[in-house]
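Numbering (our numbering), first residue to last: 2 to 168.
Working notes, structure below.
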């Protein structure tokens, strides 16, 4: 279509911003269709609803309110496309990465303060801020399973490296 933008008159521009896995999943869906309008409407239909309050105002649960009619007409024939991914298992490596990014400086500060206080005789030698922090851990089956997966993977890598050195 070759025409000047002035021929369109006033118009609104809308944007959808996606990051990380949402953007990757959207790109995957885009690769399977050339109907971008349908894809965008289907994503919106999954994530956004405009409703009208019932006339009797008896139902306070908005999820049961009827769709706003213009929105329902706009969404007619749109599917619901969910861009979320199933969460992957957290690994020990993920934990280390998170600790490095989010906790390292604070933990270093606390331990350095404790060491300084002990060296200046302000805290007893038996003081352990780290033990005090870990006492609040909610260590459970999920964490034991994560450790088990980590150890199993290390054992597998060790076995593979031994196979490679015996040749």
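Just so it is clear, CB atoms sit at the ideal spot from N, CA and C, and this is done for glycine as well.
Being a predicted model, the structure only gives us computed values, none of them experimental.
(message) Across the region 84 to 99 and the region 20 to 27, are there enough close Cβ pairs to call them in contact, namely three or more that are closer than 8 Å?
(response) yes
(message) Spatial neighbours of residue 99 within its chain, please: C-beta separation below 6 Å, excluding the five flanking residues on both sides.
(response) Residue numbering aside, residue 99 sits at position 98 when the chain shown is read from its first letter. Excluding residues within five positions, none has a Cβ falling inside 6 Å.
(message) So if DSSP puts residue 52 in a beta bridge, which residue, or which two residues, is it bridged to?
(response) By 1-based counting over the chain shown, the position of residue 52 is 51. Bridge partners of residue 52: 68.
(request) Please report how far the alpha carbon of residue 107 lies from the alpha carbon of residue 22, in whole angstroms. (result) Counting from one through the chain shown, the residue named residue 107 turns up at place 106. Counting from one through the chain shown, the residue named residue 22 turns up at place 21. Computed Cα separation, rounded: 29 Å.
(request) Under 8 Å by Cβ, that's how I've got residue 39 and residue 72 pegged, so tell me the actual separation to the nearest angstrom. (result) Within the chain shown, residue 39 is the residue found at index 38, counting from 1. Within the chain shown, residue 72 is the residue found at index 71, counting from 1. The Cβ separation is near 16 Å, so there is no contact.
(request) Give the secondary structure of residue 87 by DSSP, where H, G and I count as helix, E and B as strand, and everything else as coil. (result) Indexing the chain shown from 1 puts residue 87 at position 86. Coil.
(request) Output yes or no for whether 8 Å exceeds the beta carbon distance between residue 44 and residue 82. (result) For this step, residue 44 is matched to residue 43 along the chain shown. For this step, residue 82 is matched to residue 81 along the chain shown. Contact flag set, yes.
(message) Contact between the region 88 to 97 and the region 147 to 157 is defined here as three or more beta-carbon pairs at a separation below 8 Å; is this criterion met?
(response) yes
(request) Please report the Cβ distance between residue 130 and residue 115, rounded to the nearest whole angstrom; I am assuming they are in contact, meaning their Cβ atoms lie under 8 Å. (result) Against the chain shown, residue 130 aligns to sequence position 129. Against the chain shown, residue 115 aligns to sequence position 114. Between residue 115 and residue 130 the Cβ distance is about 5 Å, and since that is below 8 Å, they are a contact.
(message) I need the straight-line Cα distance from residue 103 to residue 97, nearest angstrom please.
(response) In the chain shown, residue 103 corresponds to position 102, counting from 1. In the chain shown, residue 97 corresponds to position 96, counting from 1. If you take the alpha carbons of residue 103 and residue 97, they lie about 10 Å apart.
(message) Going by C-alpha to C-alpha distance, which of 151, 19 and 6 sits closest to residue 94?
(response) Residue mapping note: residue 94 aligns to position 93 of the chain shown, counting from 1. Closest by alpha carbon: 151.
(request) Say whether chain D places a C-beta atom closer than 8 Å to the C-beta of residue 128. (result) Any reference to chain D falls outside this structure, which holds one protein chain only.
(request) Pick helix, strand or coil for residue 82, following the three-state DSSP scheme. (result) Within the chain shown, residue 82 is the residue found at index 81, counting from 1. Coil at residue 82, not helix or strand.
(message) Between the alpha carbons of residue 158 and residue 164, how many angstroms are there, rounded?
(response) The sequence position of residue 158 within the chain shown is 157, counting from 1. The sequence position of residue 164 within the chain shown is 163, counting from 1. So the alpha carbons of these two residues sit roughly 10 Å apart.
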